[in-house]
Amino acid sequence: MIATAVTLSMYAIALAMAMSLWRLLRGPTLPDRILALDTLSINTIALLVLYGIHARSSVYFEAALIIAMLSFVGTVALSKYVMRRDIVE
Amino acid sequence: MNTLIDILIVAMLAIGCFFMLVGSLGLVKLGDFYKRLHGPTKASTLGVGCILLASIGAHALLGDGLDLRELLITAFLFITAPVSAQMMARAALAIRPQDRPDPPKHDTQPPRD
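Just so you know, the sequences run in chain order C and E. Going by my numbering, 35 is the number at position 35 of the first sequence; the sequence numbering is gapless. Just add 1000 to the spot in the second sequence (first one is 1) and you have my numbering.
Next up, the structure:
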């Protein structure tokens, strides 16, 4: 039962990733694209955790943690660049 | 007992996927950037949180041992999601300063009786 639910959840997360990718490509303004990139990385975290259940391995947890940290740093750096054209003040 | 934990894990997965889908749907469908900022914050806290709880339960049930380190991702996202949302809103206001709403008008007058 859990295996079926994990497979269906991976399909649902893939659909969510496709929707945020659409916003990333379409996005009228630059902050829209930053937000879409942040959402895409959050979807990737969920997909990696689900793949960790599917593969019965806890290796993917570390990858998800690294993606969470890097996406936070990337979002903050992009936002600061949009605000001031300067990241490290 | 195992069936009960199974049902709990599947329910957690369903709730998490529902919030992830709603977050991305809000990102696609809502009208302007400040409205769109609402959707993915729910996905990042409730969606990933529920999926990580299901992952802890599944790893414990499948015999890999109880591994509470996965709560680190939830804690990290709970700390960083408001910060990044506020930075994105400030970036949007810096690009279009005319979007900033007017301050309330009669703020300093004493209330009438």
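We put the beta carbon where it would ideally sit given N, CA and C, even for glycine. Predicted, not measured: the structure shown is a model, and the values here were computed from it.
7 Å is my cut-off, CB to CB: does residue i come that close to chain C?
i                  : result
Ile1009 of chain E : yes
Leu1071 of chain E : no
Cys1017 of chain E : yes
Met1001 of chain E : no
Phe1078 of chain E : no
Output the boundary residues of the alpha helix (DSSP H) element that contains residue i.
i                  : result
Gln1086 of chain E : Leu1071 to Ile1095
Leu1037 of chain E : Taken as a continuous stretch (DSSP letters only), Leu1037 of chain E belongs to no alpha helix (DSSP H), as it is neither H nor E.
Glu62 of chain C   : Val59 to Arg84
Lys1105 of chain E : Per DSSP, Lys1105 of chain E belongs to no alpha helix (DSSP H) and is neither H nor E.
Asp38 of chain C   : Leu30 to Ala55
Report the CB separation of residue i from residue j in whole angstroms; it is logged as a contact under 8 Å.
i                  : j                  : result
Ile67 of chain C   : Leu48 of chain C   : 7 Å
Leu35 of chain C   : Leu1037 of chain E : 6 Å
Gly1026 of chain E : Gly1039 of chain E : 3 Å
Pro1059 of chain E : Ser9 of chain C    : In the sequence as displayed, the identity of residue 1059 of chain E is His instead of Pro. His1059 of chain E to Ser9 of chain C, Cβ: 15 Å. No contact.
For residue i, decide whether its Cβ has a neighbour in chain E, counting only Cβ atoms nearer than 7 Å.
i                : result
Arg85 of chain C : no
Ser41 of chain C : no
Leu35 of chain C : yes
Could you tell me the distance, in whole angstroms, from the CA atom of residue i to the CA atom of residue j?
i                  : j                  : result
Leu1013 of chain E : Leu1062 of chain E : 16 Å
Arg1100 of chain E : Tyr1034 of chain E : 11 Å
Arg26 of chain C   : Leu1066 of chain E : 42 Å
Ser71 of chain C   : Tyr51 of chain C   : 19 Å
Leu21 of chain C   : Gly1049 of chain E : 22 Å
Gly1023 of chain E : Asp86 of chain C   : 30 Å
Thr29 of chain C   : Lys1105 of chain E : 30 Å
- Task: Could you list the residues in the stretch 1040 to 1058 of chain E with a C-beta less than 8 Å from some C-beta on chain C, going in chain order?
- Result: Pro1040, Ala1043, Ser1044, Gly1047, Val1048, Ile1051, Leu1052, Ala1054, Ser1055 and Ala1058
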